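Novice: One structure coming up, written as structure tokens, with questions to follow.
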Amino acid sequence: MTLSEQEIIRRESLNQLIELGINPFPSETFEVNTTTSEILEKFPADESLFQRVSIAGRIMSRRIMGAASFAELQDSTGRIQLYVKRDDVCPEDDKTLYNTVFKKLLDIGDIIGVKGFVFITKMGEITIHVQEIKLLSKSLRPLPIVKEKEDQVFDAFTDPEQRYRQRYLDLVVNPEIKNIFIMRTRLINSMRNFLNVKSYLEVETPILQPLYGGATARPFKTFHNTLDMVLYLRIANELYLKRLIVGGYDGVYEFSKDFRNEGMSRFHNPEFTQMELYVAYKDYEWMMNLVEEMVERIALDLHGSTQVLVGERLIDFRRPWKRYTMFGIIQQFTGLDISNMDESELRKTASRLHVALTPEMAKGKIIDAIFGELCEPNLIQPTFITDYPIEMSPLAKKHPTKPGLVERFEAIINGKELCNAFSELNDPIDQRQRFEAQLELGKRGDDESMALDEDFLRALEYGMPPTAGLGIGIDRLTMIMTNSPSIQDVIFFPQMRPEK
RNA sequence: GAUUCCGUAGCUCAGCCGGUAGAGCACAUCCCUUUUAAGGAUGGGGCCCUGGGUUCGAAUCCCAGCGGGAUCACCA
């Protein structure tokens, strides 16, 4: 490992600190009694509160001068200026702490604790007048420091590769990134709270599964040595949650890390988070109302408004959302009623509409391709699309009056699917036939078709109440709620190829 | 996977009509002392992503590779 000049200098500083008897990585606690944001909010209105503050954080800039210097300290809530005067920090004759330690041996990036009182400088800036200073952790690498003045930013740390690989740095240096992840957690808390108030039970189900099911996707495969068997990382948890409904819970949900061995894009990460919810004695119409209510609630909790700016567009989550059937929306955008077409007519129609198809696509996939190409990207405001073709919905209940369709909906926002839900198929004989149809698709070359899960069928044979089920993409919802263009911006450590 | 753009100092970037490697910030030394993106002066710092090729000579041109971004495909 070759060190840069600046890294060598910092290691030398580290050694000098040790020679001066200062532990650069002390183990004792440093008691903090306030935060920068609290000081900046409440001072000077509550001046008396801040006569003896104790605060810790990272040095983010320094303006070193003779007998008195300035620095900026960043803690988890923000930044505040420090005023360090030699004779206050070193009241005795020995001025080493100021002249040598503070001025020469401390660096931007070092983590320190300070004690002192808050005042306002001549320039009008709220500042801590430091009386004690203690090194809490030495930083051996220079930070990619960002300069700001008013609204301008200089030398921003922007390289996406470095930001994702070294997210810790991104968070230190780009504070607005920290806020995105705080929003993500608040979103999850809001959703969890919404579901708990309704008394649904948060549960945990297996991530390692002997059979992967509940979605159509290629899985990650792993191996259990003791059992001597292949296991899969789950692509969904649907079939386990439905088993719990069979077991007698009325409502269960899980925030589920799922894993799909597919392509990556700004909307896809190999591991991602879904929230799946199953409620007994309900159907998809009921679930649509719940989704509207829940997502509207989340927008209000996060933004205090149902309106959220996404890119250039203002998206309004206010209920009720628009609802169209799949055939209805296709008719709206193409002027064509395809509801009674057979596979060959659909193929002709698709080619007339310049929608690309592959030979193994069956009726359902063709309809979905037309929808995905011509309708979905144009649905910006929250919109429900209902009544999907049966071929692409092997776990959904048949529509009672519309042959070939199922009771299913998706919510589309900003041209992308946000959630997927249906009245769950609870007829075990029908379910077995659907699985068998999937096996046929698999033989036809569809490598994402579902496996037949005998234990799940056995559970259904004991009887599952009519149930509404939902899967909602947490990463995508976070992208919308935080106006983030890439999924990598809402996942702390997105998947990357290894360095070097 | 395809197309395209990018990879130069710790960071942000210039240099790319081939001829000794540049700026700002950061860093070091000195001066100043309540500064405001960076008070002033001086200075150090580079396998120019990797490997080949063309050439007297390559950061620069060509090829391949590695890593990344964007778009598309795939992913309901």
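Note that numbering that gives the first Met the number 0 numbers the first sequence so that position 487 is 486, with each residue one more than the last.
Glycine included, each C-beta is placed from N, C-alpha and C at the ideal position.
Note that the structure is a prediction, hence the values are computed from the model and not measured.
Would you mind reading off the limits of the alpha helix (DSSP H) that contains Ala368?
Specialist: Taking the first residue of the first sequence as position 1, residue 368 is located at position 369. Element bounds for Ala368: 362-373.
Novice: With a cut-off of 8 Å, do at least 3 Cβ pairs link the stretch 217-224 to the stretch 254-266?
Specialist: Touching, per the Cβ criterion.
Novice: Check this for me: beta carbons of Phe254 and Ile486, under 8 Å apart or not?
Specialist: The residue labelled residue 254 in the question sits at position 255 within the first sequence. The residue labelled residue 486 in the question sits at position 487 within the first sequence. No.
Novice: Would you check if the distance between the CB atom of Gln208 and the CB atom of Leu230 is smaller than 8 Å?
Specialist: Taking the first residue of the first sequence as position 1, residue 208 is located at position 209. Taking the first residue of the first sequence as position 1, residue 230 is located at position 231. In contact: Gln208 and Leu230 (Cβ atoms closer than 8 Å).
Novice: What number of angstroms, rounded off, separates the C-alpha of Arg61 from the C-alpha of Gly123?
Specialist: Locating residue 61 in the first sequence gives position 62, counting from the first residue. Locating residue 123 in the first sequence gives position 124, counting from the first residue. The alpha-carbon atoms of Arg61 and Gly123 are separated by roughly 18 Å.
Novice: According to DSSP, what are the bridge partners of Gly403?
Specialist: Locating residue 403 in the first sequence gives position 404, counting from the first residue. Paired residue(s): none; Gly403 is not in a bridge.
Novice: What residue from Thr157, Pro269, Met274 has the CA that sits closest to Leu469's CA?
Specialist: Your numbering for residue 469 matches position 470 in the first sequence. That would be Met274, whose Cα lies nearest to the Cα of Leu469.
Novice: Suppose you measure from the CA of Val489 to the CA of Ile181; what does that come to, to the nearest Å?
Specialist: Indexing the first sequence from 1 puts residue 489 at position 490. Indexing the first sequence from 1 puts residue 181 at position 182. Near 10 Å, if we compare the C-alpha coordinates of Ile181 and Val489.
Novice: Which word fits Gly250, buried or exposed, when buried means at least 16 other C-beta atoms lie within 10 angstroms of its C-beta?
Specialist: To locate residue 250, count along the first sequence from 1; it is residue 251. Buried, since its Cβ has 16 or more Cβ neighbours within 10 Å.
Novice: Does the structure place the stretch 364-383 close enough to the stretch 409-423 that three or more beta carbon pairs sit under 8 Å?
Specialist: Yes, the stretch 409-423 touches the stretch 364-383.
Novice: Ends of the alpha helix (DSSP H) at Gly327?
Specialist: Start at 1 with the first residue of the first sequence, and residue 327 comes out as number 328. Start and end: 325-333.
Novice: On the DSSP bridge assignment, give the partners of Phe408 in chain order.
Specialist: By 1-based counting over the first sequence, the position of residue 408 is 409. Beta-bridge pairing links Phe408 to Thr385, Ala420.
Novice: Who does Tyr82 pair with in a DSSP beta bridge?
Specialist: The sequence position of residue 82 within the first sequence is 83, counting from 1. Note: Tyr82 sits in a beta bridge opposite Phe69, His128.
Novice: For the candidate residues Lys415, Pro393, Glu416, whose alpha-carbon lies nearest to that of Val405?
Specialist: In the first sequence, residue 405 corresponds to position 406, counting from 1. Val405 has its Cα closest to that of Pro393, out of Lys415, Pro393, Glu416.
Novice: Hey, is the stretch 429-436 in contact with the stretch 234-248, meaning 3+ C-beta pairs nearer than 8 Å?
Specialist: The stretch 429-436 is not in contact with the stretch 234-248.
Novice: With a CB to CB cut of under 7 Å and the five nearest residues on each side skipped, what residues in its chain are close to Asp150?
Specialist: The count along the first sequence starts at 1 and reaches residue 150 at position 151. Here Asp150 scores only 49 on pLDDT, less than 50, and its place in the model is too uncertain to base an answer on.
Novice: Please name the residue in Gly310, Pro174, Leu451, Cys374 whose C-alpha comes closest to that of Met478.
Specialist: Taking the first residue of the first sequence as position 1, residue 478 is located at position 479. Checking every option, the nearest Cα to that of Met478 belongs to Gly310.
Novice: Between the C-alpha atoms of Met340 and Ser350, what's the straight-line distance to the nearest angstrom?
Specialist: Counting from 1 along the first sequence, the entry for residue 340 is found at position 341. Counting from 1 along the first sequence, the entry for residue 350 is found at position 351. Cα-Cα distance, rounded: 14 Å.
Novice: Determine whether the beta carbon atoms of Leu19 and Val100 lie at a separation below 8 Å.
Specialist: As a first step, residue 19 is located in the first sequence; it is residue number 20 there, counting from the start. As a first step, residue 100 is located in the first sequence; it is residue number 101 there, counting from the start. Cβ atoms of Leu19 and Val100: closer than 8 Å.
Novice: Could you tell me whether the Cβ atoms of Leu459 and Pro427 are closer together than 8 Å?
Specialist: Residue 459 sits at position 460 when you count from the first residue of the first sequence. Residue 427 sits at position 428 when you count from the first residue of the first sequence. Contact: yes.
Novice: For the candidate residues Ile58, Tyr163, Glu91, whose alpha-carbon lies nearest to that of Leu81?
Specialist: Stepping through the first sequence from its first residue, residue 81 is reached at position 82. The option with the nearest alpha carbon to Leu81 is Ile58.
Novice: Specify the secondary structure class of Leu13 as computed by DSSP and reduced to three states.
Specialist: Position 14 of the first sequence, counted from the first residue, corresponds to residue 13. Three-state DSSP puts Leu13 in a helix.
Novice: Check Ser483 in the structure and name its three-state DSSP category.
Specialist: Locating residue 483 in the first sequence gives position 484, counting from the first residue. Coil.
Novice: Just reading off the alpha helix (DSSP H) that Thr184 is part of, what are its end residues?
Specialist: As a first step, residue 184 is located in the first sequence; it is residue number 185 there, counting from the start. 174-196 is the extent of the alpha helix (DSSP H) around Thr184.
Novice: What residues match up with His267 in a beta bridge as DSSP calls it?
Specialist: Position 268 of the first sequence, counting from 1, holds the residue named residue 267. For His267, which the question treats as bridged, DSSP gives the partners Ser264.
Novice: Taking the Cβ atom as the reference point for each residue, do Leu240 and Met480 lie within a distance shorter than 8 Å?
Specialist: Within the first sequence, the letter at position 241 stands for residue 240. Within the first sequence, the letter at position 481 stands for residue 480. Not a contact, by the Cβ cut-off of 8 Å.
Novice: Arg140 and Glu6: beta carbons closer than 8 Å?
Specialist: Taking the first residue of the first sequence as position 1, residue 140 is located at position 141. Taking the first residue of the first sequence as position 1, residue 6 is located at position 7. Yes, the pair counts as a contact, with Cβ atoms nearer than the cut-off.
Novice: If we ignore side chains and look at the alpha-carbon of each, how far apart do Leu134 and Gly112 end up?
Specialist: Taking the first residue of the first sequence as position 1, residue 134 is located at position 135. Taking the first residue of the first sequence as position 1, residue 112 is located at position 113. Going by the C-alpha atoms only, they are around 6 Å apart.
Novice: Determine whether the beta carbon atoms of Tyr283 and Phe421 lie at a separation below 8 Å.
Specialist: Here the question's residue 283 lines up with position 284 in the first sequence. Here the question's residue 421 lines up with position 422 in the first sequence. Contact flag set, yes.
Novice: Looking at the structure shown, is Val290 part of a helix, part of a strand, or coil, going by DSSP?
Specialist: Translated into the one-based positions of the first sequence, residue 290 becomes position 291. Looking at Val290 - three-state DSSP - the assignment turns out to be helix.
Novice: Less than 8 Å between the CB atoms is what I'm expecting for Pro503 and Ala279, so what's the real figure, rounded?
Specialist: Summary: the structure shown does not reach residue 503, with the chain confined to residues 0 through 499, and so no result is reported for it.
Novice: From Gly414, Ile63, Asn288, pick the residue whose C-alpha is nearest to that of Arg317; which is it?
Specialist: Start at 1 with the first residue of the first sequence, and residue 317 comes out as number 318. Cα-wise, what sits closest to Arg317 is Asn288.
Novice: In whole angstroms, what is the alpha-carbon distance linking Glu372 and Val354?
Specialist: For the purposes of this step, residue 372 is identified with residue 373 of the first sequence, where counting begins at 1. For the purposes of this step, residue 354 is identified with residue 355 of the first sequence, where counting begins at 1. Rounded to the nearest angstrom, the two C-alpha atoms are 7 Å apart.
Novice: From the DSSP output, in three-state form, read off Gly472 for me.
Specialist: Along the first sequence, read from residue 1 onward, the residue named residue 472 stands at position 473. Gly472: strand per DSSP, three-state reduction.
Novice: Counting C-beta neighbours from all protein chains within 10 Å, is the total for Gln494 16 or more, i.e. buried, or is it exposed?
Specialist: Taking the first residue of the first sequence as 1, we reach residue 494 at position 495. Flag for Gln494 reads exposed.
Novice: Between the alpha carbons of Thr1 and Ile125, how many angstroms are there, rounded?
Specialist: By 1-based counting over the first sequence, the position of residue 1 is 2. By 1-based counting over the first sequence, the position of residue 125 is 126. If I take the Cα positions, the gap works out to 42 Å.
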